[in-house]
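One structure is given here, and the rest of the page talks about it.
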Amino acid sequence: MNIDIIITQLEPGGAQKASIELSNGLVTNGDKVRLIFFFKKSKFDIYINDKVEIIFLQNKVGFIKRALYTPFLLLKLWFYQKPDCVISFTHYANIYSSIIGKIYSIPVIISHRNPLHSHPALARFGIFLI
């Protein structure tokens with residue numbers, strides 16, 4: 058199975074570690090996995106299996122460019138290389154992958170474990186869209 062795992066940014070955090078561990082486990086079981094980050098926020102030294110394809114949609118850029126341009130990059134990526142399913146972590150990744158997944162009829166599994174009030178205002182609004 059071709060699986061995309063999406064996280065907003067690469068940084069030392071719980072969602073990032075969980076997504077990397079999940080990617081490592083899935084490729085060990087024979088799945089093809091792309092670990093997609095919108096951008097790299099900081100260095101994160103953790104083992105990622107060589108069979109996991111790592112994609113950064115953008116270099117570290119300002120918030121407005123990330124917020125507005127990232128969905129188009131994800132649309133383009135999935136237009137050419139549509140996965141069988143998507144697993145998303147973190148609020149902006151959840152929002153973008155859910156909306157774009159619906160456009161391409163890609164099943165999306167959302168990992169959401171923080172209370173809604175802890176998200177930025179734009180993310181809270183986006184969550185209501187999905």
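Under the numbering used here, residues 58 to 187 are what the sequence shown spells out, in order.
Glycine included, C-beta positions come from ideal geometry on N, C-alpha and C.
- A check of alpha carbon separations from Pro128 across Leu67, Phe96, Asp141 identifies Phe96 as the nearest.
- Contact between Ile93 and Ile63 is confirmed by a C-beta separation of about 5 Å, below the 8 Å threshold.
- Lys100 carries a coil assignment under DSSP once its states are collapsed to helix, strand and coil.
- Under DSSP, Asn59 shares a beta bridge with Lys89.
- Spatial neighbours of Ala75 in its own chain (CB-CB distance under 8 Å, excluding positions within 5 residues in sequence) are listed in chain order as Phe146, Ser168.
- With a minimum length of 3 residues, the unbroken runs of beta strand (DSSP E) contained wholly in the region 133 to 177 fall at 142 to 146, 165 to 168.
- The alpha carbon of Ala150 has as its nearest neighbour, out of Lys139, Val165, Gln138, the alpha carbon of Val165.
- Its chain contains Ile63, Val143, Ser145, Val165 as the residues whose beta carbon lies nearer than 6 Å to that of Ser154, once the 5 sequence neighbours on both sides are disregarded; these appear in chain order.
- Per DSSP, Ile105 lies in no beta strand (DSSP E) segment and is marked neither H nor E.
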